[in-house]
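In our numbering, the protein residues as written are 325 to 637.
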């Protein structure tokens with residue numbers, strides 16, 4: 325895509341040992357669906373969300389979790405990715421009744437003990453990142469085939485009213501500000517809206533989520549999960565492209581729609597992702613927020629209030 329934003333960080337991820345292992349046979353056997361159904365197991369999703377109630381009760385000392393806005397169609401949850409598996413667990417438990425389909429690193433569905441077993445049963449779709457292709461771990465042709473199959477599966481599931489969790493930065497990191505957003509989630513969302521248009525059902529929306537941890541690498545830290553107003557997703561105006569999507573053929577949506585949607589999502593997601601040049605600066609903002617609140621005789625009695633006060637500094 326052209327016209328990429330330059331003010332956000334765009335750093336290639338450091339590949340883990342498991343990410344350097346490519347099991348093409350297992351990747352091809354991952355369940356997928358292009359008919360609007362969910363590629364995972366319904367009973368296993370209920371089982372998983374029940375089991376997750378245990379770590380959900382102990383992971384955080386205090387947690388304040390906002391409920392998502394009501395929508396008629398699917399929902400694509402997006403957030404900055406600073407806390408590993410804790411991020412998708414937190415998003416999932418904020419709305420456990422809406423089944424989710426996820427996009428994740430290829431090795432998370434094939435090579436990671438136990439995690440891969442779970443990922444395949446909940447319908448997680450593997451993607452091969454550019455970094456793996458550059459390193460020569462995956463052939464470009466196979467990566468193209470697998471990524472399009474996975475994104476089309478997510479698009480059809482979203483159009484069918486399901487939910488998805490995608491970290492649009494494309495990599496986990498420890499930064500205090502949003503990194504450059506990849507366009508894969510925007511392309512899937514636009515195609516999902518196009519499929520919904522053809523089926524005459526409500527289109528999906530982007531649900532920007534702010535994941536705020538007092539100290540993200542601490543056990544029993546405080547959590548504030550923020551959900552702001554959803555971002556509408558446009559459909560592809562080209563009828564022929566929409567018909568191809570209905571036939572299970574991936575079609576790249578118009579570039580101008582993708583760029584416009586990415587820029588809008590960036591503008592919504594950055595303010596709820598700390599948006600500071602470094603952690604020292606953010607902590608100084610926190611200190612100033614407390615000084616201002618004391619001066620105004622306002623008691624910041626919760627972490628949510630601290631986050632919102634810091635944002636206003």
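Virtual Cβ for every residue (Gly too), placed ideally from N, Cα, C.
Quiz item: Which residues in the same chain have their Cβ closer than 6 angstroms to the Cβ of residue 392, if we skip the five residues on either side of it in sequence?
Solution: Residue 392 sits at position 68 when you count from the first residue of the chain shown. Closer than 6 angstroms at Cβ, skipping near neighbours: 419, 531, 551.
Practice problem: Could you have a look at residue 621 and say whether DSSP puts it in helix, strand or coil? | Solution: For the purposes of this step, residue 621 is taken as the residue at position 297 of the chain shown. Three-state result, residue 621: coil.
Exercise. Counting only the same chain and skipping the five closest in sequence on each side, list residues whose C-beta sits under 6 angstroms from that of residue 512.
Key: Here residue 512 refers to the residue found at position 188 when the chain shown is read from its first residue. 475, 478, 479, listed in sequence order.
Quiz item: What does a CB cutoff of less than 6 angstroms around residue 403 pick up in its chain, not counting 5 residues either side in sequence?
Solution: Residue mapping note: residue 403 aligns to position 79 of the chain shown, counting from 1. Closer than 6 angstroms at the Cβ level, and outside the excluded window around residue 403, lie 533, 535.
Exercise. Find the nearest neighbour of residue 558 within the set 412, 519, 481, judged by alpha-carbon distance.
Key: One-based indexing of the chain shown puts residue 558 at position 234. It is 519 whose Cα lies nearest to the Cα of residue 558.
Quiz item: What do you reckon, are the CB atoms on residue 466 and residue 348 nearer than 8 angstroms?
Solution: Reading the chain shown from its first residue, position 142 is the one you call residue 466. Reading the chain shown from its first residue, position 24 is the one you call residue 348. It is a contact, given that the beta carbons lie within the stated cut-off.
Quiz item: Under the three-state reduction of DSSP, which class applies to residue 490: helix, strand or coil?
Solution: Here residue 490 is taken as the residue at index 166 of the chain shown, counted from 1. Here residue 490 sits in strand by DSSP.
Practice problem: Would you tell me roughly how many angstroms separate the C-alpha atoms of residue 382 and residue 529, rounded to the nearest one? | Solution: On the chain shown, position 58 is the one that residue 382 refers to. On the chain shown, position 205 is the one that residue 529 refers to. Their backbone Cα atoms lie some 31 angstroms apart in a straight line.
Quiz item: Excluding sequence positions up to five away, which residues of its chain have a Cβ less than 7 angstroms from the Cβ of residue 626?
Solution: On the chain shown, residue 626 is found 302 positions in, with the first residue counted as 1. Once the five neighbours on either side are set aside, the close Cβ partners of residue 626 are 388.
Quiz prompt | Cβ pair residue 508, residue 398 closer than 8 angstroms | solution = Counting from one through the chain shown, the residue named residue 508 turns up at place 184. Counting from one through the chain shown, the residue named residue 398 turns up at place 74. No, they are not a contact pair.
Quiz item: By how many angstroms is the C-alpha of residue 408 removed from the C-alpha of residue 365?
Solution: Here residue 365 is taken as the residue at index 41 of the chain shown, counted from 1. Here residue 408 is taken as the residue at index 84 of the chain shown, counted from 1. Whole-angstrom Cα-Cα distance: 24 angstroms.
Quiz item: What is the DSSP secondary structure of residue 611, counted as helix, strand or coil?
Solution: As a first step, residue 611 is located in the chain shown; it is residue number 287 there, counting from the start. The answer is helix: DSSP assigns residue 611 an H, G or I state.
Quiz item: So, residue 586 versus residue 510, is the Cβ gap smaller than 8 angstroms?
Solution: For the purposes of this step, residue 586 is taken as residue 262 along the chain shown, with counting starting at 1. For the purposes of this step, residue 510 is taken as residue 186 along the chain shown, with counting starting at 1. A contact, by the Cβ cut-off of 8 angstroms.
Self-check item: Local Cβ density within 10 Å of residue 579, reported as buried at 16 or more and exposed below that
Solution: Within the chain shown, residue 579 is the residue found at index 255, counting from 1. So residue 579 ends up on the exposed side.
Practice problem: Whole angstroms is fine: what's the gap from residue 416's alpha carbon to residue 424's? | Solution: Sequence index remark: in the chain shown, residue 416 carries index 92 (1-based). Sequence index remark: in the chain shown, residue 424 carries index 100 (1-based). Roughly 8 angstroms separates the two Cα atoms.
Quiz item: Exposed or buried, residue 621, counting other C-beta atoms within 10 Å across all chains shown (16 or more means buried)?
Solution: Within the chain shown, the letter at position 297 stands for residue 621. Flag for residue 621 reads exposed.
Quiz item: Under the DSSP definition of a beta bridge, which residues are partnered with residue 446?
Solution: Here residue 446 is taken as the residue at index 122 of the chain shown, counted from 1. Note: residue 446 sits in no beta bridge, so no partner.
Practice problem: For the stretch 488 to 552, list the alpha helix (DSSP H) runs that are entirely contained and at least 4 residues long, ordered along the chain. | Solution: 508 to 523
Practice problem: Answer yes or no: do residue 318 and residue 351 have a C-beta to C-beta separation smaller than 8 angstroms? | Solution: Because the chain here runs from 325 to 637, residue 318 falls outside it and cannot be looked at.
Quiz prompt | Cβ pair residue 429, residue 356 closer than 8 angstroms | solution = Taking the first residue of the chain shown as 1, we reach residue 429 at position 105. Taking the first residue of the chain shown as 1, we reach residue 356 at position 32. Not closer than 8 angstroms, so no.
Practice problem: Name the residue from 525, 436, 444, 370 whose alpha carbon lies nearest to the alpha carbon of residue 395. | Solution: By 1-based counting over the chain shown, the position of residue 395 is 71. Measuring from the Cα of residue 395, the nearest candidate turns out to be 525.
Quiz item: Can you tell which of 600, 606, 486 has the C-alpha that lies nearest to the C-alpha of residue 363?
Solution: On the chain shown, residue 363 is found 39 positions in, with the first residue counted as 1. The residue with the shortest Cα to Cα distance from residue 363 is 486.
Practice problem: Note down the Cα distance separating residue 583 from residue 574, rounded to an integer number of angstroms. | Solution: The count along the chain shown starts at 1 and reaches residue 583 at position 259. The count along the chain shown starts at 1 and reaches residue 574 at position 250. Distance between the alpha carbons of residue 583 and residue 574: 18 angstroms.
Quiz prompt | Beta carbon proximity, residue 519 to chain C, threshold 8 angstroms | solution = This model lacks chain C altogether, as it is built from one protein chain only.
Self-check item: Reference residue 452, options 633, 462, 570, 517, closest by Cα
Solution: Walking along the chain shown from the start, residue 452 turns up at place 128. Residue 452 has its Cα closest to that of 462, out of 633, 462, 570, 517.
Exercise. Measure the CB-CB distance between residue 502 and residue 411 and report whether it falls below 8 angstroms.
Key: Locating residue 502 in the chain shown gives position 178, counting from the first residue. Locating residue 411 in the chain shown gives position 87, counting from the first residue. No. Outside cutoff.
Exercise. Would you mind listing the beta strand (DSSP E) stretches within the stretch 395 to 446 that are 3+ residues and don't spill past its ends, in chain order?
Key: 399 to 402, 424 to 429
Quiz item: Under the rule that 16 or more other beta-carbon atoms within 10 Å means buried, what is residue 603, buried or exposed?
Solution: For the purposes of this step, residue 603 is identified with residue 279 of the chain shown, where counting begins at 1. The residue in question, residue 603, is exposed, as its Cβ has fewer than 16 Cβ neighbours within 10 Å.
Quiz item: Between residue 400 and residue 515, what straight-line distance do the alpha-carbon atoms span, to the nearest angstrom?
Solution: Reading the chain shown from its first residue, position 76 is the one you call residue 400. Reading the chain shown from its first residue, position 191 is the one you call residue 515. Each residue's alpha carbon lies about 12 angstroms from the other.
Quiz prompt | Through-space distance from residue 623 to residue 634, alpha-carbon basis | solution = Position 310 of the chain shown, counted from the first residue, corresponds to residue 634. Position 299 of the chain shown, counted from the first residue, corresponds to residue 623. Approximately 13 angstroms, taken between the alpha carbons.
Self-check item: Length of the line joining the Cα atoms of residue 361 and residue 447
Solution: The residue you call residue 361 lines up with position 37 of the chain shown. The residue you call residue 447 lines up with position 123 of the chain shown. When rounded, the distance between both Cα atoms is 11 angstroms.
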